[in-house]
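Take a look at the structure set out below.
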């Protein structure tokens, strides 16, 4: 399950969280589609405080939503706070969002500076504080393409993750990308073994298998799972194989 964290920005809602209309909306949309809202925090319109909220987000977070502070007033500083921290910016997100917003609010859509990108291997979206705008962004842009975006981040830039997915089964083990990824993750491991298992043989028990074996790396494709296990003196290979 993909974990989201939400930062609701605004002086009023920071002082009185009961004014928050964003969190219930986001939680409902995500739950309906099988995602989890892991963490919610409130921030005033302050670059310093907003960055503090960003740094406090749980490690398990894969997607960050920042709602509020994207306008043109002097207090709208969400873009100024976060954009300099981005590894990469998705400029097309803001362009598409404003284009779709015109249908709802007319030319006022051009006053939004919404944008998106990645920070430390996480996807981040900076949205207006309007519930309608947040709903539009989630339902029309973010969620429809989220899996592909996260696959790119997991497989290319998110080196601290120990789990990636591939869109095809072939070649799963000898792909140069997979080997580079594996060696990059295991540079301090003296010896490791790779086990390729058909998904159908696991019968939905992949998570139990990961918990019991604690693989250094799990690579999942549509039909196979590749487990990378560290071999220590105490490791009994036969016991590992028999467990499968």
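Residue numbers (our numbering): 2 to 245. C-beta atoms are modelled at their ideal positions from N, C-alpha and C, and glycine is treated no differently. Quantities reported herein were computed from a predicted structural model and do not represent experimental measurements.
Inset, instruction - Hey, could you find the ends of the alpha helix (DSSP H) residue 215 is sitting in? - result: Segment: none, residue 215 is in no alpha helix (DSSP H) and carries neither H nor E.
Inset, instruction - Look at the alpha carbon of residue 103 and the alpha carbon of residue 128, and state the distance between them as a whole number of angstroms. - result: Rounded to the nearest angstrom, the two C-alpha atoms are 15 Å apart.
Legend entry - Local Cβ density within 10 Å of residue 69, reported as buried at 16 or more and exposed below that: Around the beta-carbon of residue 69, 16 or more other beta-carbon atoms lie within 10 Å, marking it buried.
Legend entry - Beta-carbon contacts of residue 83 that lie in its chain and below 8 Å, excluding the five residues immediately before and after: Within the same chain, residue 83 has close Cβ partners 51, 52, 55, 67, 120, 125, 127.
Inset, instruction - Identify which residue in 97, 87, 77, 222 has its Cα closest to the Cα of residue 65. - result: Answer by Cα proximity: 87.
Legend entry - Continuous beta strand (DSSP E) stretch holding residue 44: start and end: Residue 44: member of the beta strand (DSSP E) spanning 37-44, first to last residue.
Inset, instruction - Compute every distance between the C-beta of residue 201 and the non-hydrogen atoms of the ligand GDP, then say whether any falls below 7 Å. - result: Among the components of this structure there are no ligands whatsoever, and the ligand GDP is therefore not found.
Inset, instruction - Alpha carbon to alpha carbon, how far is residue 139 from residue 149? Give it in angstroms, no decimals. - result: In a straight line, the C-alpha of residue 149 is about 15 Å away from that of residue 139.
Legend entry - Residue from 89, 96, 116 with nearest C-alpha to residue 153: Nearest C-alpha to residue 153 among 89, 96, 116: 89.
Inset, instruction - Helix, strand or coil for residue 6, going by three-state DSSP, please let me know. - result: The DSSP-derived three-state label of residue 6 is strand.
Legend entry - Terminal residues of the alpha helix (DSSP H) in which residue 47 lies: Premise fails: residue 47 is in no alpha helix (DSSP H) and is neither H nor E.
Inset, instruction - Within 10 angstroms of the Cβ of residue 224, are there 16 or more other Cβ atoms? Answer buried if so, exposed if not. - result: Around the beta carbon of residue 224, fewer than 16 other beta carbons lie within 10 angstroms, which makes this residue exposed.
Legend entry - Beta-carbon gap between residue 112 and residue 73 smaller than 8 Å: Yes; because the gap between Cβ atoms is below 8 Å, this pair is in contact.
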